[in-house]
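In order, the protein sequences belong to chains A and B.
According to the numbering used here, the first sequence is numbered sequentially starting from 1.
According to the numbering used here, the second sequence is numbered sequentially starting from 255.
Every residue gets a Cβ at the ideal spot worked out from N, C-alpha and C, and that includes glycine.
Below is one structure, written out as C-alpha cells; comments come after it.
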Amino acid sequence: MVDKAKIKIEIRNLSVFYGSLEVLKGVNLDVEEKEILAVIGPANSGKTSLLRTLNRLNERNEGFRMQGEILLDGRNIYKKYSSDDLRRVMGMIFALPVSLPLSIYDNIAYGPRLHGVKKKSELDPIVRQSLEAAFLWEEVKDRLNLPAMKLSGGQQQRLCIARTLAIEPEVILYDEPCSGLDPVSTTKVEEAMRQLKNQYTQILVTNNTKQAARVSDRTAFFLMGELIEIDRTEKIFTAPRDQRTDDYVTGRFG
Amino acid sequence: MKSSRAYLNRIFEFVIEKAIFLAGILSIVFVFLIFLFLIKEGFSLFRTYSIFSFLFGTKWYPISSPPQFGIVPLLLGSVAVTLGAILIAVPLGIGSAIYIAEIAPRWLREILKATVEFLAAIPSIVLGFIGLVTLAPLVKKLFHLPTGLTALSGSIMLAFMAMPTIVSMMEDAFTAVPKSYREGALALGATRWEMIRRVLLPASASGMLAAIMLGIGRVIGETMAVLMITGNAARIPTGLTQPVRTMTATIAAEMGEAVQGGNHYFALFAIGIVLFIITFLINVTASFLVRSQRK
C-alpha cells in the first residue's frame, strides 16, 4: 500500500473535440494498476467522453478530434493498438445493459468466440467463471439457454460485466453502470466490482457520489471538461482542496 | 343566429367526417372490386376449358385450333426471370445497404441514398429500352448466343429495378438496430465486420427478408421492360440464357389482339388472377416480417 503503485494508464494533455465543441480540456491523469478510480462530475463534465476516448468508441462519432496522448502500459492506444485489440484489453460496461439478442450462454461466449475459442469444453468453464465473478452464476445456472433479454435489469447488467470478464480484459470501464438499477441490484454490482479489484484496473464513471464514496480508492472530479481534482476518495469527500469539489460532493450544486 | 351557426357547424363536421371515412375505405373497395372483376372474367375460361389444363398445361398456343392455354411456360418464365434478378439484386443490395448504413461517411451516405432512390424513379420503359440496345447485345456476345433477348438479360435489368426497394428497406432495417448493440459488440473487441456479421445482420434478419420479398414483388409484377428484353418465347425454359415469356408480358402483348369475351381474353384474366395471388402472398409475407421485427 505504501509502495508507489504501478501506473496502468497515463493520460497526457488530453483534449477532445466534437466539431468545434471542446468536451475535455487538457486533462492529465494517471490510473494506477488494480485501483478503482471513480470519475464524478455534473452533466457535460466530460466523464463519458473520457471513457469513450479510452476505448476508442469515440472514433465512430462524426466530428471527433483529439489532442494529447493516452498510454496503456506505456504504449499509445491510438498508435500502438488496433481499435479491436485495444477494446479487448479495455472492457466497457454501459449505462443501459446491452444484452445481445442471444441466450445467456451465448452472450458470455460471444467475446471468446470472436477471439477464436470455439470448443464447448473450453467455453463452458469460461462462461461459468465469468458468471461467478459477476455474482450471477447462482441465479442463472439452471437456465443458461434462456434469452438474456428475459433477465431483470440488474441481472442483465451483471451479465454484461460477466461478458466483459469473459474476454479477460485488464481494464474495465463502467459508464454509470447502476443508473438504471434498483438499490439491491446496485449493491450486487458494487459487490462484484470490489471482488474484481484484485485482478483488474477499474474506472467507474458515476453520477452517484455516494457510490463513488462506497467503492472507489481514488476519485477524480471533472467540471466542464476540466479535471478539477483527483485524490484518495476519503480525502475528496472529507477535505477536498478545491471549493468546487466540496460544493459538488456535499450537494450544493450539480 | 348563434344557434343556426352552430347547426351549420355540426352539418359541416358531419359531412367532413363522412368524406374522410369514404376516402379511407375507398382503396379497400377498389381492391375488392378489382379482385371481383378479375375473378369474374378469369373464371369464365373454366366454363369451357379445364382449370387443370390451364394450371398444369405445358403449352401456350392461344390462337391455334384448338387453342391451348397452359400457363406452365409463362409461370416458369416469370420464375426464371425473378429468381435470376433476385440472385443478382440481393447480394448487391445487402452490400450496398451495409455500406450506406454502416461504413460510408455521412456526406457520401446522403448522396448514395438519393441516387438509389433516383434509380427507382426511372420509368421502367426507359430502362427496358436501354437494356434492349446495350445489355442484350452484350449478353449475346458474352455467351455466344443466337439472341441477346433472354431470361438473363431480363434478370439483370430487373435486378436494377429491384435494387432501390431492397437497398432502402434494408438500410432502414439496419438503421433500426439500436446503437447500443453495435457498441456492445465493439466494446468486446469485435472488428467492424464481426460486429456486422454477428450482431447487425441477425438483429435485422426479418427486415432484410421483408426487403427481399418486396423486391420480388416488384420484379414479378414488372411488365414493359421484360416484354422488351426477354425474347417472348412461350417455351418452358431450361436455362437462363434462353428467351422466355413472363405472365405479365403475355397479358400486355396479347390483350390487344384477344377477342373480348372469347376464351383467349378470359385466359389472360386468369393469368391476372394467378399474378394477383402471387403478389398478394408476397406482400402479406413481407408485412408480417416487418411487423415481427418491430416487436
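Below-9 Å beta-carbon distance, Val98(A) vs any chain B residue: yes
Runs of alpha helix (DSSP H) wholly within the segment 320–377 of chain B (minimum 4 residues, chain order): 326–352 and 360–375
Assigned secondary structure, Asp247(A) (DSSP; H/G/I helix, E/B strand, else coil): helix
Below-9 Å beta-carbon distance, Ile167(A) vs any chain B residue: yes
Interface residues of chain B facing Met193(A) [CB-CB closer than 9 Å]: Chain B residues near Met193(A): none, gap ~17 Å exceeds 9 Å.
Contact set between Asn58(A) and chain B, taken where Cβ atoms lie within less than 7 Å: The premise fails here: Asn58(A) is roughly 11 Å from chain B at the closest Cβ pair, so nothing lies under 7 Å.
Inter-stretch contact (C-beta, 8 Å, three-pair minimum) for the segment 517–530 of chain B and the segment 291–306 of chain B: yes
Sequence-distant residues of the same chain with beta carbon closer than 8 Å to Met1(A), five excluded per side: With a pLDDT of 45 at Met1(A), under the threshold of 50, the modelled position of this residue cannot be trusted; read the value that follows with caution. Excluding residues within five positions, none has a Cβ falling inside 8 Å.
Contacting positions in the segment 99–114 of chain A - beta carbon closer than 9 Å to chain B: Ser99, Leu100, Pro101, Leu102, Tyr110, Gly111, Arg113 and Leu114
Within 9 Å, strictly: CB atoms of Leu159(A) and Leu151(A): yes
Pro42(A) versus Arg244(A): straight-line alpha-carbon distance, rounded: 11 Å
Partners in chain B for Met92(A), counting only beta-carbon separations shorter than 7 Å: Ala441
Phe237(A) in three-state terms, based on DSSP: helix
Minimum C-alpha distance to Asn58(A) - residue among Arg436(B), Phe383(B) and Thr495(B): Arg436(B)
Whole-angstrom distance between Ala427(B) and Ser458(B), CA atom to CA atom: 6 Å
Exposure label - Ile126(A); buried when at least 16 CB within 10 Å: buried
Under 8 Å by beta carbon: chain B residues contacting Asn207(A): Here the premise fails: no neighbours, minimum Cβ distance about 18 Å.
Alpha helix (DSSP H) segment containing Ser49(A), residue limits: Lys47 to Leu54
Spatial neighbours of Glu556(B) in its chain, beta-carbon cut-off 6 Å, leaving aside the 5 residues before and after: Absent from the model: residue 556(B). The displayed extent of chain B is 255 to 549, so no value can be given.
Segment contact, 8 Å Cβ cut-off, at least three pairs: the segment 472–484 of chain B with the segment 373–392 of chain B: yes
Leu543(B) versus Val335(B): straight-line alpha-carbon distance, rounded: 24 Å
Cutoff 9 Å: Arg163(A) Cβ touching any chain B Cβ: yes
Interface residues of chain B facing Asp84(A) [CB-CB closer than 7 Å]: Gly443, Ala444 and Thr445
Endpoints, the alpha helix (DSSP H) within which Gly472(B) is located: Note that residue 472(B) is Arg in the sequence shown here, rather than Gly. That run of the alpha helix (DSSP H) goes Ala459 to Gly475.
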